[in-house]
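Participant: If you count the sequence shown from 1, you need to add 124 to reach my numbering. Ideal Cβ positions, reconstructed from N, Cα and C, are used throughout, including at glycine. Pasting in a structure now, in structure tokens, and then I'll have a few things to ask.
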Amino acid sequence: MKSRLLLIILGYLLIGATVSIAQGGEKMANNKKVLVVYYSKTGNTERVAKDIASRLHADIEKITDKKNRSGFLNYFFAAKDASKKSLTELGELQKNPVNYDLTIIGTPIWAWNMAPAVRAYLTKTGKQLKKVAFFTTSGNTDPKKVVGYMEEVSGKKAIALTGFNAKELKDKKIYDEKISAFVTEIVRQNK
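Written out as structure tokens, the structure is:
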């Protein structure tokens with residue numbers, strides 16, 4: 125009877141640990157400090173950033189672009205700025221990445237490039253970043269194309285990268301699997 129009870133308790137503990145890991149309930153080793161930084165116009169990149177930050181118990185910073193990018197016409201100007209690899213003026217940053225062991229940076233993909241605000245952030249802070257991981261959101265662009273630019277501008281090689289296209293952002297199962305895999309890779313790279 126005692127052995128059955130012990131097996132049942134162990135089974136519940138094992139299931140609980142598996143669920144926790146599947147939901148990204150992993151912590152960074154040695155209390156490493158993590159910052160998630162993102163720019164989002166439509167809310168997609170913000171959603172991903174918040175989910176990653178929540179699972180890693182990380183601080184979060186939203187990059188603000190002082191240039192008005194709202195409205196139909198400004199959409200085209202934003203794509204033009206992205207394709208020309210233009211920088212933009214950022215709002216005041218609240219978090220200093222030098223105080224973090226890892227900075228995870230997210231960008232929407234515009235015209236097959238990172239958003240100008242993310243390019244400006246990486247240009248401004250690249251030398252302060254210790255380790256980086258990157259994520260993208262897009263209609264259907266391969267994130268590796270943009271991450272190469274992000275690595276070049278920041279001067280850092282990403283320890284992990286992922287991207288979410290429109291279909292993956294809508295499919296809860298795929299979305300959760302990709303978030304979990306990204307978080308697991310980040311934790312694995314920091315043990």
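Closest by CA to residue 168, which one among 213, 243, 313, 295?
Facilitator: Residue numbering aside, residue 168 sits at position 44 when the sequence shown is read from its first letter. Closest option to residue 168, Cα to Cα, is 295.
Participant: Given residue 318, which residues of its chain have a CB within under 7 angstroms of its CB, disregarding the five upstream and five downstream residues?
Facilitator: With the chain covering 125 to 315 only, the question about residue 318 has no answer from this structure.
Participant: Could you check whether residue 277 and residue 287 sit closer than 9 angstroms to each other, using their CB atoms as the reference points?
Facilitator: On the sequence shown, residue 287 is found 163 positions in, with the first residue counted as 1. On the sequence shown, residue 277 is found 153 positions in, with the first residue counted as 1. The answer is no: Cβ separation not under 9 angstroms.
Participant: Helix, strand or coil: how does DSSP classify residue 105 here?
Facilitator: Shown here, the chain extends from 125 to 315; a query on residue 105 therefore has no answer.
Participant: Once you ignore the five residues that flank residue 171 on each side, which residues in its own chain have a CB closer than 6 angstroms to its CB?
Facilitator: Stepping through the sequence shown from its first residue, residue 171 is reached at position 47. Around residue 171: no qualifying Cβ.
Participant: What is the rounded straight-line gap between the Cα of residue 256 and the Cα of residue 281?
Facilitator: Reading the sequence shown from its first residue, position 132 is the one you call residue 256. Reading the sequence shown from its first residue, position 157 is the one you call residue 281. Taking the straight line from one Cα to the other gives about 7 angstroms.
Participant: Tell me which residue opens and which closes the alpha helix (DSSP H) that residue 222 is part of.
Facilitator: Locating residue 222 in the sequence shown gives position 98, where the first residue counts as 1. No alpha helix (DSSP H) holds residue 222; DSSP gives it neither H nor E.
Participant: Are the CB atoms of residue 230 and residue 164 within a distance shorter than 9 angstroms?
Facilitator: The residue given as residue 164 occupies position 40 in the sequence shown. The residue given as residue 230 occupies position 106 in the sequence shown. Yes. Within cutoff.
Participant: Let me check one thing: in DSSP terms, what residues is residue 162 bridge-paired to?
Facilitator: On the sequence shown, residue 162 is found 38 positions in, with the first residue counted as 1. In DSSP, residue 162 forms a bridge with 186, 230.
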